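I have placed the structure first, in the form of structure tokens, so that the comments after it can refer back to it.
Protein chains in written order, with the numbering used here: chain A, 75 to 269; chain B, 75 to 269.
Have a look at this one:
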């Protein structure tokens, strides 16, 4: 096992995965067809269901990630949760189109790893990764750019998410989730509280 | 004009409204048919489009708010953005069903105002309010509990959102948006940063 993988642990697909996305953070979505790989940031990603975890993500027609996802037979994509440390990479991935810059991933500083050797592009330096299969809903995709995925595997860095709970205070500011407003402006997640 | 309304200002339906929901915060949705009013918290609400602003919200079949919304001819509902100060009301509205407790709103401490005298139930003490009309998509509603709305009016408290920008640092902790995890656990939004 690569040293990089020491803290990256598979997590429960139901409650654990649900809690990952509940904060409403900005995500990075990646997809590959084996030949081409792309990744883009998306602020519009949301839980849809639990047991099994389903989610929605809005993907504009201009992005190559969407094109790859739509032509890829398995309909597989990865939702990863970046953090303050990875925010510049995420923001760059959301600002540049692979249609305009064929070397987009390199120019954005995006590096990937493949925890299971299945050829899945996991963006390095994130808090968590959710592997999804597209549930095809052609009308939603065409009319609203709205894609529905079902989680088939999920992983998290145990320094910030232990499979059940976030540990932002212990992990430090670099690990806080990012929440995009517009034009380069973000907020990071803040203090936890219980009611 | 009631003194309560002094800081509550209409905001631009496009960019302004978009920025309200981009943080991925937990919201409260309310609906009325003139006879019955209900409100519930929802962590699964997300922007869907801009110009005009559209959004998605997941509403479980067990909630009376959904029942009212579905039978109400205008398909009107209000998405409001609670804050740390209003979090106990939001959490209670998400925990109790009006089917079990007919006096739910009173027991949850939910108080409403009506800025234009149109009978719309705006929950007091929130950061912002987005009035939406349902875009009926019966298949999404039935299969995924997924509702699509288009914003027709929006208001914000200018002590925390001036129509373009959030002012959390100036407004103080009580005004920070809330992001639900599970089981009474929330995070508040934290520091802003620019890239």
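Note that the Cβ used here is the ideal one computed from N, Cα and C, for glycine as well.
In this text the structure is predicted, and so the values were computed from the model without any measurement.
Around the Cβ of residue 213 (chain B), are there at least 16 other Cβ atoms within 10 angstroms (buried) or fewer (exposed)?
So residue 213 (chain B) ends up on the exposed side.
What is the residue span of the beta strand (DSSP E) that residue 131 (chain A) lies within?
Unbroken beta strand (DSSP E) run through residue 131 (chain A): 128–132.
Note down, in chain order, every chain A residue with its Cβ under 8 Å from the Cβ of residue 121 (chain B).
Going along chain A in sequence order, the residues near residue 121 (chain B) (Cβ under 8 Å) are 117, 118 and 132.
So what's residue 83 (chain A) in DSSP terms, helix, strand or just coil?
Three-state DSSP puts residue 83 (chain A) in a strand.
Assuming residue 169 (chain A) is part of the beta strand (DSSP E), what are its boundary residues?
Run containing residue 169 (chain A): none in the beta strand (DSSP E); it sits in the alpha helix (DSSP H), 161–169.
Go through its chain and collect everything with a Cβ distance to residue 159 (chain A)'s Cβ below 8 Å, but skip five positions before and after it.
Once the five neighbours on either side are set aside, the close Cβ partners of residue 159 (chain A) are 199, 248 and 249.
For a contact defined as C-beta to C-beta under 7 Å, what are the partners of residue 220 (chain B) on chain A?
Chain A residues near residue 220 (chain B): 122.
Using a beta-carbon distance cut-off of less than 9 Å, what residues from the stretch 96–112 of chain A approach chain B?
Cβ contacts with chain B: 96, 97, 98, 99 and 100.
Tell me, please, whether the CB atom of residue 232 (chain B) is closer than 8 Å to any CB atom in chain A?
Not an interface residue.
Taking the alpha-carbon of residue 270 (chain A) as reference, which of A:183, A:192, A:172 and A:120 has the nearest alpha-carbon?
Coverage of chain A is limited to positions 75 through 269, which leaves residue 270 (chain A) absent and any answer about it impossible.
With a threshold of 8 Å, are at least 3 pairs of Cβ atoms found where one atom belongs to the stretch 79–94 of chain B and the other to the stretch 221–231 of chain B?
Yes, they touch.
Report the residue ranges of all beta strand (DSSP E) runs contained in full by the stretch 203–243 of chain A; include only those spanning at least 3 residues, in chain order.
Counting only runs of 3 or more, we get 220–231.
Closer than 8 Å by beta-carbon distance: list the chain B residues that pair up with residue 162 (chain A), in chain order.
Ordered by position in chain B, the residues that pass the 8 Å Cβ test against residue 162 (chain A) are 269.
Residue 239 (chain A) to residue 190 (chain B), Cα distance in whole Å?
Each residue's alpha carbon lies about 43 Å from the other.
If you draw a straight line from the C-alpha of residue 117 (chain A) to the C-alpha of residue 216 (chain A), how long is it?
Each residue's alpha carbon lies about 19 Å from the other.
Quick check on the burial criterion: 16 or more other C-beta atoms within 10 angstroms. Buried or exposed for residue 137 (chain B)?
By the neighbour-count rule (16 or more Cβ atoms within 10 Å), residue 137 (chain B) is buried.
Assuming the contact rule is C-beta atoms closer than 8 Å, residue 112 (chain A) and residue 172 (chain A) should be a hit. Round their C-beta distance to whole Å, please.
The pair is a contact, with the Cβ atoms about 5 Å apart (cut-off 8 Å).
Residue 240 (chain B) touches chain A at which residues, Cβ-Cβ below 8 Å?
Result: 255 and 261.
Of all Cβ atoms in chain A, is any one closer than 8 Å to the Cβ of residue 250 (chain B)?
It does; some Cβ of chain A falls within 8 Å.
Assuming residue 235 (chain B) and residue 201 (chain B) are in contact, meaning their beta carbons sit under 8 Å apart, how far apart are those beta carbons, in whole angstroms?
Going by Cβ atoms, the distance from residue 235 (chain B) to residue 201 (chain B) rounds to 6 Å, so yes, they are a contact pair.
Count the other CB atoms within 10 Å of the CB of residue 176 (chain B); is the residue buried (16 or more) or exposed (fewer)?
By the 10 Å Cβ count, residue 176 (chain B) comes out exposed.
What are the boundary residues of the beta strand (DSSP E) that residue 266 (chain B) is part of?
Looking at the DSSP string, the run of the beta strand (DSSP E) that includes residue 266 (chain B) is 259–268.
Residue 105 (chain B) and residue 168 (chain B): beta carbons closer than 8 Å?
No. Outside cutoff.
For residue 70 (chain B), write down the residues that DSSP places opposite it in a beta bridge.
With chain B covering only 75 through 269, there is no way to say anything about residue 70 (chain B).
Could you tell me if residue 161 (chain A) is buried or exposed, where buried requires 16 or more neighbouring beta carbons within 10 angstroms of its beta carbon?
So residue 161 (chain A) counts as buried.
Pull out every residue of the stretch 138–170 of chain A whose Cβ sits closer than 8 Å to any Cβ of chain B, in chain order.
So the list reads 158, 161, 162 and 165, given in the order they occur along the chain.
When DSSP labels each residue in this structure, what does residue 115 (chain B) get in the three-state scheme?
Reduced to three states, the DSSP call for residue 115 (chain B) is strand.
So residue 258 (chain B) contacts chain A; which residues on that side make the cut at Cβ distance below 8 Å?
By Cβ distance, chain A contributes 268 and 269.
Keeping to the same chain, check which residues put their C-beta closer than 8 Å to that of residue 142 (chain B); ignore five residues upstream and five downstream.
So the qualifying residues of the chain are 105, 106, 107, 110, 111 and 112.
With a threshold of 8 Å between beta-carbons, can residue 207 (chain A) be considered close to chain B, or not?
No, no contact with chain B.
Which value, in whole angstroms, describes the spacing of the CA atoms of residue 268 (chain A) and residue 96 (chain A)?
If you take the alpha carbons of residue 268 (chain A) and residue 96 (chain A), they lie about 15 Å apart.
Could you check the C-alpha separation between residue 131 (chain B) and residue 135 (chain A) for me, to the nearest Å?
If I take the Cα positions, the gap works out to 22 Å.
Can you give the Cα-Cα distance for residue 210 (chain B) and residue 222 (chain B), rounded to whole angstroms?
Roughly 7 Å between the two C-alpha positions.
Where does residue 106 (chain A) sit, in a helix, a strand or coil, going by DSSP?
Residue 106 (chain A) falls in the strand class under three-state DSSP.
What does the Cβ neighbour count give for residue 86 (chain B), buried or exposed, with the cut at 16 atoms within 10 Å?
The residue in question, residue 86 (chain B), is exposed, as its Cβ has fewer than 16 Cβ neighbours within 10 Å.
Using the rule of at least 16 other Cβ atoms within 10 Å of the residue's Cβ for burial, across every protein chain shown, is residue 68 (chain A) buried or exposed?
The shown model of chain A, from 75 to 269, leaves out residue 68 (chain A), and the question about it has no answer.
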